[in-house]
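*Asks:* Okay, here's the structure, questions in a sec.
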Amino acid sequence: MKRRILRWIALSLLTLILVAVAFFVVQTNRRPSLEGYAQMPPAPPAAAIQVRFAGVATLLFDDGETAWMTDGFFSRPSLARTAFMRIAPDRAAIDAGLKSLGVDRLAAVVPVHSHYDHAMDSPLVAMQTDALLVGSESTLNVGRGLGMPEGRMRRVLPGDRISLGRWTLTFLASRHAPLPISREGVVETIDAPLVPPAHSLSWREGQTWAILVEHPDATPMLVLGSAGFVPGALEGRRAGTVFLGVGTAGKQTPEYLSQWWDENVKRVGAKRVIPIHWDDFGEPLDTPLVAFPYLIDDLSVTMKHLTAWAARDGVEIKLPPLLTPFAP
Ligand SMILES: [Zn+2]
């Protein structure tokens with residue numbers, strides 16, 4: 006009798022585990038389609054300014070004289086690896102990423118904040134392209150962990166401006182999208198050199214930036230790497246194009262999203278929004294990008310709201326093509 010009960014319990018447990026594993030496997034592969042969304046057309050050959058998108062929030066800005074990049078994240082370790090193992094920059098993926106963008110020299114690499122999917126590769130990209138690494142103290146600690154010399158790093162504080170050739174970058178305080186792992190109002194920082202391999206959560210947020218990008222030959226642009234905002238922080242700033250980080254926006258409330266749109270798009274008078282940070286960065290760059298699985302985000306929800314507000318406010322919404330240059 007007792008043995009029969011024990012056997013029944015063991016079988017039930019096993020079934021439960023199998024169902025949980027099957028659920029996880031199915032759910033990590035169910036994701037919204039990317040079809041049906043308008044895309045930025047390729048840049049005309051005469052375009053003074055060209056931008057290339059390389060997944061997540063990696064954007065290459067080039068005016069033909071000076072090129073610089075946000076993030077430079079190419080390693081893209083699988084989500085399973087990220088959850089259960091320690092991760093490190095993948096030098097082969099970085100080489101391949103830079104090669105596919107056709108750059109070997111950059112003025113600066115500028116992570117939008119210090120989470121691993123933005124800042125993990127930045128110091129190696131900067132060292133490989135003779136670039137400055139620019140960011141918060143947390144970002145500089147990612148640089149120190151990879152042996153980046155102090156003289157090649159520039160710390161910036163909210164309100165700071167830097168010039169790169171004819172480009173001017175203004176660093177404004179923004180906020181990260183709310184995450185299950187984050188505590189309301191608490192910004193975690195990297196307070197010592199971060200030496201990889203390390204657990205993905207070791208790359209703590211640091212300062213999340215809204216980067217205002219100005220150039221005499223282009224409309225001002227705003228780069229937001231995460232779906233957050235600081236109420237009123239962009240008051241008085243103007244930008245024609247907003248690169249809008251939308252990661253996990255599909256899991257936020259409509260009220261949050263409405264305020265997010267007003268603070269980041271309406272307030273600066275933008276006429277074009279280019280959503281970024283919607284691709285599943287557990288997948289490599291050499292295959293077509295796919296959206297995050299529903300388990301993490303729902304891009305279709307985000308796009309439904311954005312499309313409605315864009316139509317109301319006279320704003321154009323277009324996804325960036327992968328690696329192909331476009332005129333922002
Ligand atoms: Zn982040």
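Residue numbering for the sequence shown follows my numbering, starting at 6 and increasing by one per position.
Backbone N, C-alpha and C fix where the C-beta goes; we use that ideal spot for every residue, glycine too.
No experiment lies behind these values; they were computed from the predicted model shown.
Use the C-beta contact count for Thr134: other C-beta atoms within 10 angstroms, 16 or more gives buried, fewer gives exposed.
*Replies:* Label assigned to Thr134: buried.
*Asks:* DSSP state of Gln55, grouped into three classes?
*Replies:* Reduced to three states, the DSSP call for Gln55 is strand.
*Asks:* Which word fits Ile279, buried or exposed, when buried means at least 16 other C-beta atoms lie within 10 angstroms of its C-beta?
*Replies:* By the 10 Å Cβ count, Ile279 comes out buried.
*Asks:* How big is the Cα-Cα spacing for Pro154 and Ser127?
*Replies:* Distance between the alpha carbons of Pro154 and Ser127 is about 14 Å.
*Asks:* Using a Cβ-Cβ cut-off of 6 Å (strictly less than) and excluding sequence neighbours within five positions of Leu84, which residues of its own chain qualify?
*Replies:* The answer, listed in chain order, is Gly287.
*Asks:* Sort Ser80, Glu70, Leu23, Leu19 by Cα distance to Asp291 and report the nearest one.
*Replies:* Closest option to Asp291, Cα to Cα, is Ser80.
*Asks:* Per DSSP, what are the beta-bridge partners of Met74 in this structure?
*Replies:* According to DSSP, Met74 bridges with Leu65, Val114.
*Asks:* Skipping 5 residues on each side, what residues in its chain have a beta carbon closer than 8 Å to that of Val295?
*Replies:* For Val295, where only same-chain residues beyond five positions count, the Cβ hits under 8 Å are Arg36, Leu39, Asp284, Asp285, Glu288.
*Asks:* Going by CA-CA distance only, name the one from Leu227, Arg243, Leu304, His310 that's closest to Gln264.
*Replies:* Gln264 has its Cα closest to that of His310, out of Leu227, Arg243, Leu304, His310.
*Asks:* Who are the Cβ neighbours of Glu189 in its own chain at under 8 Å, not counting the five residues just before and after it?
*Replies:* Within the same chain, Glu189 has close Cβ partners Pro183.
*Asks:* At what residues does the beta strand (DSSP E) containing Leu2 begin and finish?
*Replies:* In the structure displayed, the chain extends from 6 to 333; residue 2 sits before or after that span and is not available.
*Asks:* Using the beta-carbon count (16 or more within 10 Å), is Asp122 buried or exposed?
*Replies:* The residue is buried, with at least 16 neighbouring Cβ atoms inside 10 Å.
*Asks:* Identify, in the order they occur along the chain, each residue of the same chain with its Cβ nearer than 6 Å to the Cβ of Gly140, setting aside the five sequence neighbours on each side.
*Replies:* So the qualifying residues of the chain are Pro116.
*Asks:* What is the residue span of the beta strand (DSSP E) that Arg277 lies within?
*Replies:* Looking at the DSSP string, the run of the beta strand (DSSP E) that includes Arg277 is 277-281.
*Asks:* Hey, would you say Trp208 sits closer than 8 Å to Met125, going by beta carbons?
*Replies:* Taking 8 Å as the Cβ cut-off, Trp208 and Met125 qualify as a contacting pair.
*Asks:* Leaving out five residues before and five after Tyr299 in sequence, what residues of the same chain have Cβ atoms less than 8 Å from its Cβ?
*Replies:* Same-chain partners within the cutoff: Gln32, Arg35, Arg36, Pro37.
*Asks:* Relative to the C-alpha of Val306, which residue among Gly274, Leu324, Leu262 is closest?
*Replies:* Val306 has its Cα closest to that of Leu262, out of Gly274, Leu324, Leu262.
*Asks:* So, for Leu145: in the same chain, excluding its five sequence neighbours on each side, which residues have a beta-carbon less than 6 Å away from its beta-carbon?
*Replies:* Excluding sequence neighbours, Leu145 sits near Met158, Arg160.
*Asks:* Hey, is His310 close to ligand 1, as in C-beta under 7 Å from one of its heavy atoms?
*Replies:* Incorrect: His310 has no Cβ contact closer than 7 Å to ligand 1.
*Asks:* Name the DSSP beta bridge partners of Gln44, please?
*Replies:* In DSSP, Gln44 forms a bridge with Leu324.
*Asks:* Buried or exposed for Val268, please, with buried defined as at least 16 other CB atoms from any protein chain shown within 10 angstroms of its CB.
*Replies:* Sequence inspection shows Glu at residue 268; the Val mentioned does not correspond to that position. By the neighbour-count rule (16 or more Cβ atoms within 10 Å), Glu268 is buried.
*Asks:* My guess is that Leu328 and Leu106 are in contact by the Cβ rule of under 8 Å, so how many angstroms apart are they, rounded?
*Replies:* That pair is a contact at about 7 Å.
*Asks:* Please name the residue in Pro325, Glu142, Gly156, Asp109 whose C-alpha comes closest to that of Thr246.
*Replies:* Out of Pro325, Glu142, Gly156, Asp109, Pro325 has the C-alpha closest to the C-alpha of Thr246.
*Asks:* Output yes if chain C places a C-beta closer than 8 Å to the C-beta of Pro259; else output no.
*Replies:* Protein chain content of the structure displayed is limited to a single chain, and chain C is not contained in it.
*Asks:* State buried or exposed for Thr258, treating a residue as buried only when at least 16 other CB atoms are found within 10 Å of its CB.
*Replies:* Looking at its Cβ environment, which holds fewer than 16 other Cβ atoms inside 10 Å, Thr258 is exposed.
*Asks:* Given that a residue counts as buried once 16 or more other Cβ atoms are within 10 Å of its Cβ, and exposed if not, what is Phe28?
*Replies:* It counts as exposed.
*Asks:* Leu177 lies in the beta strand (DSSP E); which residues open and close that run?
*Replies:* Start and end: 172-178.
*Asks:* Determine the DSSP secondary structure at Met153, reduced to helix, strand or coil.
*Replies:* It is coil, neither helix nor strand.
*Asks:* Distance, Cα to Cα, Pro232 vs Asp109?
*Replies:* Inspection of the sequence shows that residue 232 is occupied by Ala rather than by Pro. Rounded to whole angstroms, Ala232 to Asp109 spans 31 Å at the Cα level.
*Asks:* Quick one: what's got a C-beta closer than 8 Å to Ala356's C-beta in the same chain, skipping five residues either side?
*Replies:* No answer is possible for residue 356: it lies beyond the span of the chain, which begins at 6 and ends at 333.
*Asks:* Just to confirm, are Lys323 and Gln44 a CB contact at a threshold of 8 Å?
*Replies:* Yes, these two residues count as a Cβ contact at 8 Å.
*Asks:* Could you say which of Ala332, Leu169, Phe297, Gln212 lies nearest to Thr224 if we only look at CA atoms?
*Replies:* Nearest C-alpha to Thr224: Ala332.
*Asks:* Confirm, please, whether the CB-CB distance from Asp68 to Gly170 is below 8 Å.
*Replies:* Taking 8 Å as the Cβ cut-off, Gly170 and Asp68 qualify as a contacting pair.
*Asks:* What is the residue span of the alpha helix (DSSP H) that Ala213 lies within?
*Replies:* The residue you asked about is not Ala; residue 213 is Thr in the sequence shown. Here Thr213 belongs to no alpha helix (DSSP H), and DSSP marks it neither H nor E.
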